[in-house]
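Novice: Got a structure for you, written out below as structure tokens; questions coming shortly.
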Amino acid sequence: MKEGKVVSLKEAVSWIDDGSVVALGGNILNRCPSAFVREIARQGKRGLEIVKTAGAYDIDLLCAAGCVSKVHAGFVSFENEFGLAPNYRRLVEEGKVEACEHACYTVISALRAAAYGIPFQPVAGLNGSDLPRVRGMKRIRNPYGRGAIYVVERLQPDWAIIHVNESDSRGNARIYGPQFEDILMSRAAKNVILTAEHIVEGERLMEHPEMNQIPHFLVRGIVHLPGGAAPCGCYPYYEVDREGVKRYLEYCSKGTGVKEYLMEVSP
Amino acid sequence: MKEGKVVSLKEAVSWIDDGSVVALGGNILNRCPSAFVREIARQGKRGLEIVKTAGAYDIDLLCAAGCVSKVHAGFVSFENEFGLAPNYRRLVEEGKVEACEHACYTVISALRAAAYGIPFQPVAGLNGSDLPRVRGMKRIRNPYGRGAIYVVERLQPDWAIIHVNESDSRGNARIYGPQFEDILMSRAAKNVILTAEHIVEGERLMEHPEMNQIPHFLVRGIVHLPGGAAPCGCYPYYEVDREGVKRYLEYCSKGTGVKEYLMEVSP
Amino acid sequence: MNYGPAEMMIVSMARLLRNGERVFHGVASPLPMIAIQLAKRLHAPDLVYLNIPGGVDASPHRLPTSTVDSLLVENSSSLFSLTEIFDLSARGGLDTAFISGVQIDLYGRINLSCIGDFKQPKVRLTGGAGSAVILPTAGRVILWRTKHNPKVFVKKCDFITAKGNVERVITPLCIFRREKGRLVLESIHPYSNLKEVIQETGFPIESRKEYSITKEPEDGELTILNQIDPMRVRDLEFK
Amino acid sequence: MNYGPAEMMIVSMARLLRNGERVFHGVASPLPMIAIQLAKRLHAPDLVYLNIPGGVDASPHRLPTSTVDSLLVENSSSLFSLTEIFDLSARGGLDTAFISGVQIDLYGRINLSCIGDFKQPKVRLTGGAGSAVILPTAGRVILWRTKHNPKVFVKKCDFITAKGNVERVITPLCIFRREKGRLVLESIHPYSNLKEVIQETGFPIESRKEYSITKEPEDGELTILNQIDPMRVRDLEFK
């Protein structure tokens, strides 16, 4: 089935220019495009802007590897069991990465603006928060009545990188279980790269077209990466590899940790 | 299975007050809540505002029965085989029904504003159309850069009436095949009434929760109405009853046609 | 092989479609529905076919008489709803859309709303469906209308429902191309002539010198058209 | 039966939940995740449980250590994504949300963004996740924090990540209720006392006279809690 849009991991990552805006699918430690992210780090991309509602391993690793200039996210941390994202935190504190903090819903709204072809999207809430001030979110008058509402600026990723359960060689793809913001990302981004647990026959996917949330014509390339979310989980195939996450964090607690980590982990 | 939120057709229709804003699911002659619409006509509701991207039988019948004050829609007609919607057309021409013409996408955008809890929704396009002028759609400046964009006002239906393939007695429901704008309507409306081909065990629907597009907590009531879309079709169970549509149009071509039609057709 | 305006129009539409592009037709659109299937069978197998029921690359076992029929999800590769199609067009991702008009003016502006005044119409029409958004946002729009007379091709629309990126207009008599914002005669179908086109068109025909004769439908095109539409759904638009 | 702050907090949260209401917890929220399951087993079987993976009324076969784990779609009645939950809250349809804060001030405003200046932080925190939208739009917000000291309950947040409809704050020592915009002491947990609460709170404790002692967790509550959380996922928040 190596045909159609299926390419190697190296090639797909080579498409991404320094300075690109890259949306990463999944959420925290679930169905992240982890292997793809490691290859970005290995290829030494620079100045990327990362877009995600809530990230951990993927964002932290890219920060550690020096790939990132800005992070547009609502939440960056490993949650209670593993704690704060050490590299993201350090690099923001050192002024080397800019934390473009969003409410998760403002990431969603900014992606909606991109998907809907409009320059901004009104969003409920935010009243009383300091975020609009420090992040330059505007408030505009309701032209149909009283009141005003915050609007967030369009955020159009150059790339959405989405790890899916199944794809055919043209890019018709399925996610089983939680989709998080991945479907919206696939619409908002200029280009989509899928990393897929399984490359399957298109005929089988066509038996239930309503389950194929990503249509082929939005997809630029597909990388066959079984286990490609690890150490994050990929429902329903495998859970979070907690030892794997710990190993990443242990490497990070050493000096030149991420380089060594990337040499040890494959792909 | 007559339990939970399952009620009679009469009761569900009795909930709808005169003057309500009612969104109707389906599209043209597909999966419309036809039996529900006929009961609205029989109960003699008045002053309803109907919301739908593209309607035919349902909108025309409600207009004929004197139930409608305004129609918010992008398209009202039976398409090529059956022609224009005769009662809608006549009553708009007589000034008795107001044609609040939308582009279909502005209906969608106005419903999105309701679903997103915002007073208006920006929408691409409309440039050069007379619709914004006659319909009072405003154009506002982009606060993040150059240019301006049309925004449409929120349109929040009091009710969304949606004919589904399957529902359990709590209102977890499934549509097979084309969903049209029904899922958005279920989010935009204050209340949802389902008419269902089949009332099924919740346990069965829970085997594939991702296929249940309408969650129970949005649903106020369910009416068990096998064949309830006829003469419209309900994929994959039955196609459009073209003789049934013709019969409706034949009754309409007589003087007091719709009253007689409603006596003949059941439910 | 025999052909009439229906076949000439469908073949003309199909020839305009390119392999790989994303093409949409809406409600009440039998000719585009058939033209898209024809193009996919001829030169554009990878054309991405989008429609209101949401089937991507649908290939129904028979053609429906309604172009929003649920049959148009059969053998699809995924579902992509009307809402998604509008979003796609709004963000610049829809290449080609087919739209009709009850009135069409020299600038390719269309009226699908009313004859007479909008608020007190002499005739209330269907409404423009998605046209007011599609015309300005799609990469190109191919207009068509199965009647060619001065009531359709008018000096001035009673109401401008939509205006935008019209590239061509396919009629039973001819094909117009839009150049510098105005419709110019591109070709006249073999069974018509310049006199008839001028007589049946309410706006002045410009650039007469450069028009050609539309290439007749080829036997191969007509054979496949008849395979796709053996029940002549196409005739519905000519009733 | 034995109980500590974890049990006291979870039981306190669960008691606040009402049958039939729509309740959401987000990321890094073990105590609310457990409290919701407890309430559903006790007095609120029809509580509508919403979470980030999107499971509606999920009932996982075991509790995950992450509260965005895909296990939280198990045995759901439908999927309702985070985007949908925000929309629901935005349109006034979310009844109750659980949110935490690294700093919480007298007005129930929270900081999850930074210690020090936002642009040049001394400590970059996790970020507020959805809180800046949830606090103003949800019907009510129940804040919780597993540490109660003057660094958490502060006179002034370094940064206001979110402000809004906070109804109660559950801490290891006490429960605050928000009245006329300010947090007032509602009850002190049986193992603590007023002196300790005052000492560990950075803002002045108001309306001291009317506070009560939190009702101890009952054996029935603790039994079910232990059935739900036999592996003591709840302790993760106290590390």
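Chains as they are written, first to last, in the working numbering: chain A, 596 to 862; chain B, 596 to 862; chain C, 80 to 318; chain D, 80 to 318. Backbone N, C-alpha and C fix where the C-beta goes; we use that ideal spot for every residue, glycine too. What you are looking at is a predicted structure, and each value in this text was computed from that prediction instead of being measured.
Assuming residue 329 of chain D is part of the alpha helix (DSSP H), what are its boundary residues?
Specialist: There is simply no residue 329 of chain D to check, as chain D begins at 80 and stops at 318 in what is shown.
Novice: For the region 144-227 of chain C, list the beta strand (DSSP E) runs that are entirely contained and at least 3 residues long, ordered along the chain.
Specialist: Fully enclosed beta strand (DSSP E) runs of 3 or longer: 175-179, 182-184, 193-195, 200-203 and 219-223.
Novice: Where does the unbroken alpha helix (DSSP H) through residue 93 of chain C begin, and where does it stop?
Specialist: Here the alpha helix (DSSP H) through residue 93 of chain C covers 84-95.
Novice: Could you have a look at residue 947 of chain B and say whether DSSP puts it in helix, strand or coil?
Specialist: In the structure as shown, chain B starts at 596 and stops at 862, and residue 947 of chain B therefore has no counterpart that could be examined.
Novice: Confirm the yes/no value for this check: CB of residue 707 of chain B, any heavy atom of the ligand ATP, distance under 7 angstroms.
Specialist: Questions concerning the ligand ATP fall outside what the structure shown contains, since it holds no ligand whatsoever.
Novice: If you draw a straight line from the alpha carbon of residue 125 of chain D to that of residue 852 of chain A, how long is it in whole angstroms?
Specialist: Computed Cα separation, rounded: 49 angstroms.
Novice: Helix, strand or coil for residue 845 of chain A? Go by DSSP, reduced to three states.
Specialist: If DSSP states are grouped into helix, strand and coil, residue 845 of chain A belongs with the helices.
Novice: Does any residue of chain B bring its CB to less than 8 angstroms from the CB of residue 596 of chain A?
Specialist: Only weak support exists for where residue 596 of chain A lies, its pLDDT of 41 falling under 50; the coordinates are left without a value.
Novice: What in chain A is Cβ-close to residue 264 of chain D, meaning under 9 angstroms?
Specialist: Correct list: empty, because the minimum Cβ distance to chain A is about 23 angstroms.
Novice: Just to confirm the assignment, what range does the alpha helix (DSSP H) spanning residue 278 of chain C have?
Specialist: Counting along the chain, the alpha helix (DSSP H) containing residue 278 of chain C begins and ends at 273-279.
Novice: Distance, Cα to Cα, residue 114 of chain C vs residue 179 of chain C?
Specialist: Going by the C-alpha atoms only, they are around 14 angstroms apart.
Novice: What does residue 797 of chain A reach in chain C if we use C-beta pairs closer than 8 angstroms?
Specialist: Near residue 797 of chain A (Cβ distances below 8 angstroms), the residues of chain C are 156.
Novice: May I ask you to report which of helix, strand or coil DSSP gives residue 302 of chain C?
Specialist: If DSSP states are grouped into helix, strand and coil, residue 302 of chain C belongs with the helices.
Novice: Is it the case that the Cβ atoms of residue 835 of chain A and residue 679 of chain A are separated by a distance below 8 angstroms?
Specialist: No, the pair does not count as a contact, with Cβ atoms beyond the cut-off.
Novice: 8 angstroms is my cut-off, CB to CB: does residue 811 of chain B come that close to chain D?
Specialist: So yes, residue 811 of chain B belongs to the interface.
Novice: Cα separation between residue 87 of chain D and residue 292 of chain D?
Specialist: Distance between the alpha carbons of residue 87 of chain D and residue 292 of chain D is about 12 angstroms.
Novice: Any Cβ of chain D within less than 8 angstroms of the Cβ of residue 782 of chain B?
Specialist: At least one chain D Cβ lies under 8 angstroms of residue 782 of chain B.
Novice: Mind checking the region 208-237 of chain C against chain A and listing, in chain order, the residues whose C-beta falls within less than 9 angstroms of any C-beta there?
Specialist: Residues passing the 9 angstroms Cβ filter: 216.
Novice: For the region 721-737 of chain A, list every residue whose C-beta sits within 8 angstroms of some C-beta in chain D, in sequence order.
Specialist: The residues in question are 721, 722, 723, 724, 725, 726 and 729.
Novice: Using a Cβ-Cβ cutoff of 7 angstroms, what residues of the region 761-789 of chain A are near chain C? List them in chain order.
Specialist: Within the region 761-789 of chain A, the qualifying residues are 767 and 782.
Novice: Have a look at residue 689 of chain A and residue 199 of chain D and give me their C-alpha separation to the nearest angstrom.
Specialist: Spanning the two alpha carbons is a distance of roughly 8 angstroms.
Novice: Have a look at residue 196 of chain D and residue 694 of chain A and give me their C-alpha separation to the nearest angstrom.
Specialist: One C-alpha to the other measures close to 12 angstroms.
Novice: Could you check whether the Cβ of residue 748 of chain A sits closer than 8 angstroms to any Cβ belonging to chain B?
Specialist: Output row for residue 748 of chain A: interface = yes.
Novice: For residue 714 of chain B, would you say it is in contact with chain A, using Cβ-to-Cβ distances shorter than 8 angstroms as the test?
Specialist: Residue 714 of chain B counts as touching chain A.
Novice: Please identify the residue among B:785, B:833 and B:684 whose C-alpha is closest to the C-alpha of residue 812 of chain B.
Specialist: Closest by alpha carbon: B:785.
Novice: Using DSSP bridges, identify the partner residues of residue 812 of chain B.
Specialist: Bridge partners of residue 812 of chain B: none, in fact.
Novice: Can you check whether the C-beta of residue 717 of chain B is within less than 8 angstroms of a C-beta belonging to chain A?
Specialist: Cβ-Cβ to chain A under 8 angstroms: yes for residue 717 of chain B.
Novice: List, in chain order, every chain A residue whose beta-carbon is nearer than 9 angstroms to that of residue 169 of chain C.
Specialist: Those are 710, 711, 712 and 713, listed as they occur along chain A.
Novice: Between which residues of its own chain and residue 607 of chain B is the CB-CB distance below 6 angstroms, once the five residues before and five after are set aside?
Specialist: Counting only Cβ-Cβ distances below 6 angstroms, and skipping sequence neighbours, we find 788, 816 and 818.
Novice: Would you kindly work out how many angstroms separate the C-alpha atoms of residue 94 of chain D and residue 753 of chain B, rounded to a whole number?
Specialist: Residue 94 of chain D and residue 753 of chain B: Cα-Cα distance of roughly 33 angstroms.
Novice: Just to make sure I have the definition right: I need the residues of chain D whose C-beta is within less than 9 angstroms of the C-beta of residue 624 of chain A. Which are they?
Specialist: Going along chain D in sequence order, the residues near residue 624 of chain A (Cβ under 9 angstroms) are 145, 147 and 148.
Novice: Pairing CB atoms from the region 160-177 of chain D with CB atoms from the region 216-227 of chain D, are three or more of them under 8 angstroms?
Specialist: These segments touch.
Novice: Which residues bound the beta strand (DSSP E) around residue 832 of chain B?
Specialist: Residue 832 of chain B -> no beta strand (DSSP E), and no H or E assigned at all.
Novice: Just the Cα atoms here: how many angstroms apart are residue 644 of chain A and residue 664 of chain A?
Specialist: When rounded, the distance between both Cα atoms is 6 angstroms.
Novice: Could you tell me whether any Cβ in chain B is nearer than 8 angstroms to the Cβ of residue 316 of chain C?
Specialist: Yes, residue 316 of chain C counts as interfacial toward chain B.
Novice: Helix, strand or coil, according to DSSP, for residue 231 of chain C in the structure here?
Specialist: Coil, per DSSP.
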